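Before any comments, here is the structure.
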Amino acid sequence: MPGGDDRASAVKNRRLAQILLGTAAAVALPAGAAAQRQPPPPVQLASAETDPDLSQLSIEELARLPVRSASKRDEPLSAAPTALYVITGEDIVGAGVTSVPEAMRLAPNLQVQQVNGFEYAITARGFNSVETANKLLVLMDGRSVYSTLHSGVFWQLRNTLVEDIQQIEVISGPGGTLYGPNAVNGVISVATRDARETIGGLVRATAGAFERTAGARYGFALGETGAVRAYANWFDREDLARGPIGPAIDDAFQGWQAGLRADFAAGASHFTVQGDIFDNDVDSLPGDGHRGHNVLARWSHDLGAASSLRIQGYYDYFERQFLLAFDSLQTFDLDAQFNAVMGAHDLVMGGGIRTTHDRFVNNLNPFALVPGSKRLWIYNAFVQDRIRLTPQFSLTLGIKAEETSFTGIELLPNVRIAWQPSERALLWAAVSRAVRTPSRIDRQLEFQPLLLPAPDFVAEKVIAFEAGYRGQPTARTTFSVSVFFNLHDDVRTTDLVNSSPVQVRLANGLEGHSYGLEAWGNSQIASWWRVGYGISTLFKSFRLKPGHIDISGRDALGHDPDFQLFARSQIALTGRLQLNAGLRYIGEIDSTPAIGAYVEADASLSYRLSDEIELYAAGRNLLHRTHVESNDPDRAQLAQRSIHAGARLRF
Amino acid sequence: MRAAGRLGAALALGLALALALAIGPARAQPSEDAVKAAFLPRFARYVTWPPASVPVPAAPFHLCVVGHDPFGGALDRAAGSELIDGHRVAVRRMATASQSAGCHVAFVRGAQPQDTARLLAALRQRPILTITDARAGPQRGIIHFAVVGGRVRFFIDDAAAAERGLSISSRLLAIAAGVRQRRG
């Protein structure tokens, strides 16, 4: 057992490790997980009882009629047997959200911590903090954006125009065969709108004491069956106040992102080509910030009634600079997927190849990745069969094999059963194996002679048992509940090397289990009033495996609340005036120091002056001037109340 | 300071709530689905089918919902009030494309986008006006609904209509948000 001095040096090591991990930079990811699934369709409630008589209108009048958007918040009652929540674009715009990570607060199965002016920690089913929220797969229009550096997601690189987002699918739990590695505790898939559905122009500007934003897009038809849109998004956020334990960071954040998306149809084929470029700055030191670009092409083709083929390729580059640490990542990815229906079998198979090249330079402290630059190759292949045993009952068997030039082969099987007794109810259960493949930091981080590299670090593993119900208990209500029990193994520890009091190495020393419940619902109380509510709970229990000592104090388990509660209300005050409000209760996070439970609210009031012009005022974190969401010792600043006024013009 | 801020926020919320109660429910604005349901039986009015497919006198046009039905009773009501050249519009609902014989118009929506693609492909050989919804995925029938600028609009693939022997009137083409022209 380490003595007092050892503990002191262990604490120091831990701090150093955190600094390094924190300043560590980015790479993209292994995993051929690029969106192998299109978003499923939402089920809508027929609320026609309250609709006026349309039968007297001409067809031209119908096409000019402003409509109340249908109940888009309803989760798709798709056959997908997973815990799935869908955030729609209308939810995001209606809530006055101005950034992608803030939009994630709308999903009750995610835990969101604003760490500072530009960083967020987001996870599902536990392990939250900037460094440990590393078990989530995030896809932006099919581009996988978690980082091979530390397996986490740099949300500050994702500044899509929020008005372009069609929906965000949030799956808690392993997503199944089709999503591949790092979809351990969840999958977030952000989909932007088809260019053919954004013809015309849009300009938005917001201003407030804390934040200013501006965005614009223009879409036009190209040829007979295609369309193109271009967009630009700009933001300028103020510095946040110093956090509970760490230093003040000059975290004012400003920058822009711009891009194009084109969609074309030709017979049974559909082409998509899109790309983005961005540049943003953090005030910490001159030159700090993030730059990057990407381009993606996708071709889908229907091969007759029973099969289809999809091929996708992309290139992605980004670089980050923060406090004398620099990193960059270049990714090429190519995927193919083939779907076929053969009798009662619904087959999906495919594969992908990805290569990443990273570079990491740290002039801040002695932590280093060795080698400082590395190319990784990642291959994957998968097959899944959904067997319709009866019209109501289906069994899904899937397996994915993934091999990387860095860590070897992993097999990820899953079994799912789904019973759909009626169109209004789906009951499902699943058992899956998922892994978090080692990141560069897990294996190759060094601080000689204190921290040794860990070439034997293996994947963190989970076997997840899940069951759930999703349905429409009444015509005006949707409801979903799921429970999970996860068996975890080989979770990261910081071990002493040969009981040496000074040398440490990352290892796979923790095992344990976690379980919890996630439930949410939506009710259309009246034609003008809709409410949503949700809860998620989490219990974790871990122990050290024989022969391991974790001097980091189980840092890899992250900092999670035991439970969260959400409520939202959307009220159409008149045909032109809309009031949306949300309330969240985040339970206490048991850590040192603890983060107290808090209640926060957001609200947005919007007025449609005419068909073209919308004015609105929105605020978030309304109940307190500041509050603590993260206790990251080096980065956490205080989340703060923010109110802005905005205008949106469409033409 | 902090208490004052909280009080201010509570007051703002209270004020908003009072405003909500004072103004009361919204003026009835039709839902997106109700407008789509109103469109569906109308389309047949602006389409000419090959002679073999035109219903005989007193027989109805068949409006089929293939796969998932998001409209429910709204579609039945809309179809019930429609009379096209003396033909009623009858709504039929079916899970698969195999029962689609006799359909004139088919709203197609699978559980997943790829299911929609399969259903559309299965209907491709027949003189059926296929209709899809952008909300269900990118797959497009001859008519494809999309909400544009807060209104229910639609795109028309006139080339696909021509392949199936359907002729779409210029009045309908004129109000489409986009048209893929037929060849020649």
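Respectively, the protein sequence lines represent chains A and B. Be aware that the first sequence starts at 2, since it is given in this note's numbering, and climbs by one per residue. Be aware that the second sequence starts at 368, since it is given in this note's numbering, and climbs by one per residue. Where a beta carbon is used, it is the ideal one built from N, C-alpha and C, also for glycine. A quick note: this is a predicted structure, and the numbers were derived from the prediction, not measured.
Task: Beta carbon proximity, residue 431(A) to chain B, threshold 7 angstroms - done: no
Open item on the list: With a threshold of 7 angstroms between beta carbons, is residue 61(A) in contact with chain B?
Closed with: yes
Task: Cβ neighbours of residue 640(A) in the same chain (closer than 7 angstroms, five flanking residues each side left out) - done: Take residue 640(A), set aside five residues on each side of it, and the residues of its chain with a beta-carbon closer than 7 angstroms to its own are 115, 622, 627, 628 and 630, in chain order.
Task: Straight-line Cα distance separating residue 359(A) from residue 376(A) - done: 7 angstroms
TODO: Go ahead and pull the three-state DSSP assignment for residue 317(A).
DONE: strand
Open item on the list: At 3 residues or longer, what runs of the beta strand (DSSP E) sit wholly inside the region 93-157 of chain A?
Closed with: 112-115, 121-124 and 137-141
Open item on the list: Just to confirm before moving on: does the CB-CB distance between residue 487(A) and residue 465(A) stay below 7 angstroms?
Closed with: yes
- [ ] Could you list which residues in chain B have their beta carbon closer than 7 angstroms to that of residue 271(A), in chain order?
- [x] 505
Task: Three CB pairs or more closer than 8 angstroms across the region 397-413 of chain B and the region 445-455 of chain B - done: yes
- [ ] Could you round the C-beta distance between residue 653(A) and residue 294(A) to whole angstroms and report it? I think they count as a contact, below 8 angstroms.
- [x] The requested residue 653(A) does not occur in the structure, where chain A is confined to residues 2 to 652.
TODO: Compile a chain-ordered list of the residues in the region 182-201 of chain A whose CB is closer than 9 angstroms to at least one CB of chain B.
DONE: From the region 182-201 of chain A, only 194, 195, 197, 198, 199, 200 and 201 have a Cβ closer than 9 angstroms to chain B.
Open item on the list: Between the alpha carbons of residue 276(A) and residue 338(A), how many angstroms are there, rounded?
Closed with: 22 angstroms
Open item on the list: Please confirm whether residue 66(A) has its beta-carbon closer than 7 angstroms to some beta-carbon of chain B.
Closed with: yes
Task: Neighbouring residues, chain B, relative to residue 225(A) (Cβ below 7 angstroms) - done: 547 and 548, listed in chain order.
Task: For residue 164(A), three-class secondary structure by DSSP - done: helix
TODO: Determine, using beta carbons only, whether residue 648(A) comes closer than 7 angstroms to chain B.
DONE: no
Open item on the list: If I follow the unbroken alpha helix (DSSP H) through residue 447(B), where does it start and stop?
Closed with: 440-447
TODO: Would you identify the three-state DSSP class for residue 283(A), choosing helix, strand or coil?
DONE: Taken through DSSP and simplified to helix, strand or coil, residue 283(A) comes out as strand.
TODO: Indicate whether residue 417(A) and residue 397(A) have their beta-carbon atoms separated by less than 7 angstroms.
DONE: yes
Task: Selection of the region 453-481 of chain B by Cβ proximity to chain A, strictly under 7 angstroms - done: 476, 478, 479, 480 and 481
- [ ] Whole angstroms is fine: what's the gap from residue 382(A)'s alpha carbon to residue 405(A)'s?
- [x] 12 angstroms
Open item on the list: Looking at the secondary structure, which residues open and close the alpha helix (DSSP H) in which residue 64(A) lies?
Closed with: Annotation for residue 64(A): the continuous alpha helix (DSSP H) segment containing it runs 60-65.
Open item on the list: In chain order, what are the residue ranges of uninterrupted beta strand (DSSP E) at least 3 long that sit wholly in the region 432-519 of chain B?
Closed with: 454-461, 472-476, 496-500 and 510-515
TODO: Using a cut-off of 7 angstroms between C-beta atoms, extract the partners of residue 483(A) located in chain B.
DONE: Per Cβ cutoff of 7 angstroms: no residues; residue 483(A) is ~19 angstroms from chain B at best.
- [ ] Taking only beta-carbon positions, decide if residue 393(B) is within less than 7 angstroms of chain A.
- [x] Below a pLDDT of 50, predicted positions are generally treated as unreliable, and residue 393(B), at 38, falls in that range; no measurement from the model is reported.
- [ ] Whole angstroms is fine: what's the gap from residue 186(A)'s alpha carbon to residue 175(A)'s?
- [x] 5 angstroms
Task: DSSP state of residue 417(B) mapped onto helix, strand, coil - done: coil
Task: residue 170(A) Cβ short of 6 angstroms to the ligand ADP heavy atom set - done: For the ligand ADP, the structure offers nothing, since it holds no ligand at all.
Open item on the list: I'd like to know if residue 309(A) contacts chain B, where contact means its C-beta is closer than 7 angstroms to some C-beta of that chain.
Closed with: yes
TODO: If I'm right that residue 84(A) touches residue 483(A) with Cβ under 8 angstroms, what's the distance once you round it to whole angstroms?
DONE: 4 angstroms
- [ ] Please state whether DSSP places residue 447(A) in a helix, a strand or coil.
- [x] Here residue 447(A) sits in strand by DSSP.
TODO: Could you name the residues of the same chain whose beta carbon sits closer than 7 angstroms to that of residue 344(A), not counting the 5 residues immediately before and after it, in chain order?
DONE: none
- [ ] Would you grab the beta carbon distance between residue 432(B) and residue 63(A) for me? Rounded to a whole angstrom, and I think it's under 8 angstroms.
- [x] Rounded, the Cβ-Cβ distance is 19 angstroms, inconsistent with contact.
Task: Buried versus exposed, by CB contacts within 10 Å (16 or more), residue 560(A) - done: buried
TODO: Starting from the C-beta of residue 259(A), find all residues in its chain whose C-beta is less than 8 angstroms away, skip the five residues before and the five after it, and write them out in chain order.
DONE: 231, 232, 233, 234, 277, 278 and 279
Task: Contact list for the region 330-342 of chain A against chain B, Cβ threshold 8 angstroms - done: Those residues of the region 330-342 of chain A that come within reach of chain B (Cβ to Cβ, closer than 8 angstroms) are 340 and 342.
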